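Residues in the sequence shown are numbered consecutively from 33, following this note's numbering.
The next block holds one structure in the form of structure tokens; read it before the comments.
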Amino acid sequence: MKKQGRLDALLVALLVISLVTLVVFAAENTSEKAPNSIAAEEPLPEMPPAEASEIVDTPTEELPVVPPDESPASKEVNSLLEEILPPTDTPAPEESPAADPIPVESPIVDIPGSPVPEQAVLTGFAAEFALKNERGLSASVAGKSVLDDEFAQVYLDHNNYFQDVAFDNLDGVALKSYEVQVGNNERKPTGIQKGVERYVIDVLACSDADAACWLRINGVIFKWVPKGAEIQLDTGTVLRISDILINQCNGEQFCDYYYEAYDEVELEVTQR
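Below you can see the structure in the form of structure tokens.
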């Protein structure tokens, strides 16, 4: 019990000594900081404003330029880096010499009576018309263009551009009549020519009630042209239906109207 009491007394004494030491240390620190804090609270003396002449720009100190390392070791390292790393400056691609333009031949064809200029480049049906139209059919009929008529294109191609039709030259002829049969196997188109203008007149069908006929001229359709009506093919050339006879029997009194009968049309071409 006595030993325990001594130990307790010793611990208490050590604790007291430690507290005293802490108090003394804190007091010393407080005494050292007090003057500094007081000095910080004192106002700083005012400085007079500097005049413009007293303001001097302080030159900026330039950094020394470090010369490149020219040592053998540095050169060896740089050469190794150049081999490993790709080049940063990409050379400009070399311009290849311009190729010569490929010459293109234009199918320039002189079509008699065609509204297409002689130096025009023909395409589509215009080119086909120029190549196949060996007979020189006029490309314009009564102000209508053959080249712009799709049905005329099919019609001309189906009839092979009337390669087997003979043309009657009307130069110097004031009036010429033609008898055309329609509705039988003897039907044949009529070809006429005036100067360089050529026309193929094909009578397709006629009507007794209307006294009129359907015609195609160089493929262009003319619907129900009545008897006596005129079609001005070009300047100075006029086509007229002068007469229409329906259901003819080739001179016989009776015949089968469906299989044997035909219509007979009289055409007149006048030059004025």
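We put the CB at the ideal spot given by N, CA and C, even for glycine.
As the structure is a computational prediction, the values presented were derived from the model and not from experiment.
Between the alpha carbons of Glu292 and Ser177, how many angstroms are there, rounded? The alpha-carbon of Glu292 is positioned some 36 Å away from that of Ser177.
Leu265 burial status per 10 Å Cβ neighbour count (16 or more: buried): The Cβ neighbour count for Leu265, taken over all protein chains shown within 10 Å, is at least 16; the residue is labelled buried.
Rounded to a whole number of angstroms, what is the C-alpha to C-alpha distance between Ser170 and Leu207? Cα to Cα, the separation comes out at about 21 Å.
Could you tell me how far apart the beta carbons of Phe213 and Tyr290 are, in whole angstroms, since I believe they sit closer than 8 Å? At residue 213 the sequence reads Gln, which differs from the Phe that was named. Incorrect: roughly 16 Å between the Cβ atoms, too far for contact.
Nearest to Val228 (by Cα), restricted to the options Val186, Cys238, Ser172 and Leu54: Comparing Cα-Cα distances from Val228 to each of Val186, Cys238, Ser172 and Leu54, the minimum goes to Ser172.
Which residues in the same chain have their Cβ closer than 7 Å to the Cβ of Leu188, if we skip the five residues on either side of it in sequence? Same-chain partners within the cutoff: Gly251.
Between the CA atoms of Glu296 and Ser146 - distance to the nearest angstrom: Reliability of the predicted coordinates at Ser146 is poor, the pLDDT of 41 falling under 50, and no value is obtained from them.
Element boundaries [beta strand (DSSP E), containing Leu299]: That run of the beta strand (DSSP E) goes Tyr294 to Gln303.
Nearest candidate by alpha-carbon position, reference Cys238, set Phe157, Gly215 and Ile224: Per the Cα distances, Gly215.
Tell me the DSSP bridge mates of Cys238? For Cys238, which the question treats as bridged, DSSP gives the partners Cys245.
With a threshold of 8 Å on Cβ separation, who are the neighbours of Glu166 within its own chain once the five nearest residues in sequence on each side are excluded? Annotation for Glu166: Tyr193 and Gln195 place their beta carbon closer than 8 Å to its own, counting only its chain and skipping 5 residues before and after.
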